[in-house]
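Enquirer:
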Amino acid sequence: MTGADHVAEASLAAVTDAGMHALWNPSRFTGITDYQSWEDALLEDDDIAGHIRARHLVPISVGGDGAFQFLVRIAAPGQAATLTSREEQYLLASSQPYLYLSDGSAHLTGIEHISATPGPGTAALPIPAGPRSVTIHLIDWDSEPGARDADGKPAATALPDFVVLINPERTASSSYRTRLQAFDRE
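This is the structure we're talking about:
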């Protein structure tokens, strides 16, 4: 994690072959130890929606498979994590805020990798304990001049596919998104 005194950042890549990534609370999925227990907990949309309503899973879904780059920006209590002006310039869509109940950490993986032991390559993101407002931003990184190198791959300085902002809960009476799709279609 890097960042200023009041905001931490983590850059990570995550892959899904199940059409959805998720930011999830590892203490809430300790019962997933094999495929059958994963299937019982997360196979159906209603199962996933229940975890979203319980506030221990935030879906990051655009309805497709793939490998994506994420920048997770986490605000300390009393501070705010926001988009940079560069990110705002290439912003495609922003979700309404989801509510995440943190026990002090989170993982961000493809939904099929949620388990009691998600693997050694899965970084634990330190999230201050308590309710957190999570907003997902889809970035059109490829539209920025110089985003690709001479081989056509993302340049080292390219923006990520998604910026995930994690802030303290707005107010106890705030309304939060509970849909499986992160973004509304117009």
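In this text, residue positions in the sequence shown follow my numbering: the first is 10, and each later residue adds one. Built from N, CA and C at the ideal position, the CB exists for glycine as well. This structure is a prediction, so every number in the text was calculated from the model and none was measured.
Among ARG141, ALA115, ALA138 and GLY139, which one has its Cα closest to the Cα of THR131?
Expert: For the purposes of this step, residue 131 is taken as residue 122 along the sequence shown, with counting starting at 1. Residue ALA115 is the option with its Cα nearest to THR131.
Enquirer: How many whole angstroms separate the CB atoms of ALA50 and ILE41, which I take to be in contact at a CB cut-off of 8 angstroms?
Expert: Here residue 50 corresponds to residue number 41 of the sequence shown, with the count starting at 1. Here residue 41 corresponds to residue number 32 of the sequence shown, with the count starting at 1. About 6 angstroms; that satisfies the 8 angstroms criterion.
Enquirer: What does a CB cutoff of less than 7 angstroms around GLY73 pick up in its chain, not counting 5 residues either side in sequence?
Expert: Position 64 of the sequence shown, counted from the first residue, corresponds to residue 73. Contacts found: GLY28.
Enquirer: Let's test the definition: count the other Cβ atoms within 10 Å of the Cβ of ARG82 and tell me whether it reaches 16, buried, or not, exposed.
Expert: Translated into the one-based positions of the sequence shown, residue 82 becomes position 73. Buried, because 16 or more other Cβ atoms sit within 10 Å of the Cβ of ARG82.
Enquirer: Would you call the region 91 to 111 and the region 138 to 154 touching, i.e. three or more CB-CB distances under 8 angstroms?
Expert: Short answer: they touch.
Enquirer: With C-beta atoms as the reference, is ALA196 less than 9 angstroms away from GLN98?
Expert: Here the chain comprises residues numbered 10 to 195, so residue 196 is not present and cannot be evaluated.
Enquirer: Measure the Cβ-Cβ separation of SER46 and ASP112 and say whether it is below 9 angstroms.
Expert: One-based indexing of the sequence shown puts residue 46 at position 37. One-based indexing of the sequence shown puts residue 112 at position 103. In this structure, ASP112 does not lie closer than 9 angstroms to SER46 by Cβ.
Enquirer: With distances taken between CB atoms, is the gap from ALA31 to THR118 smaller than 9 angstroms?
Expert: Position 22 of the sequence shown, counting from 1, holds the residue named residue 31. Position 109 of the sequence shown, counting from 1, holds the residue named residue 118. Going by C-beta atoms, ALA31 is nearer than 9 angstroms to THR118.
Enquirer: For the candidate residues VAL24, PHE38 and ALA22, whose alpha-carbon lies nearest to that of ILE123?
Expert: Translated into positions along the sequence shown, residue 123 becomes position 114. ILE123 has its Cα closest to that of PHE38, out of VAL24, PHE38 and ALA22.
Enquirer: Let me know the secondary structure DSSP gives GLU53 once reduced to three states.
Expert: By 1-based counting over the sequence shown, the position of residue 53 is 44. Three-state DSSP puts GLU53 in coil, outside helix and strand.
Enquirer: Identify whether TYR44 lies in helix, strand or coil by the three-state DSSP scheme.
Expert: By one-based count along the sequence shown, residue 44 stands at place 35. Note: TYR44 maps to helix in three-state DSSP.
Enquirer: Jot down the residue ranges of each uninterrupted beta strand (DSSP E) in the region 111 to 142, minimum 3 residues, whole runs only, in chain order.
Expert: Taking only runs of at least 3 residues, the beta strand (DSSP E) segments lying wholly in the region 111 to 142 are 114 to 119.
Enquirer: Does DSSP put ARG179 in a helix, a strand or coil?
Expert: Translated into the one-based positions of the sequence shown, residue 179 becomes position 170. Coil at ARG179, not helix or strand.
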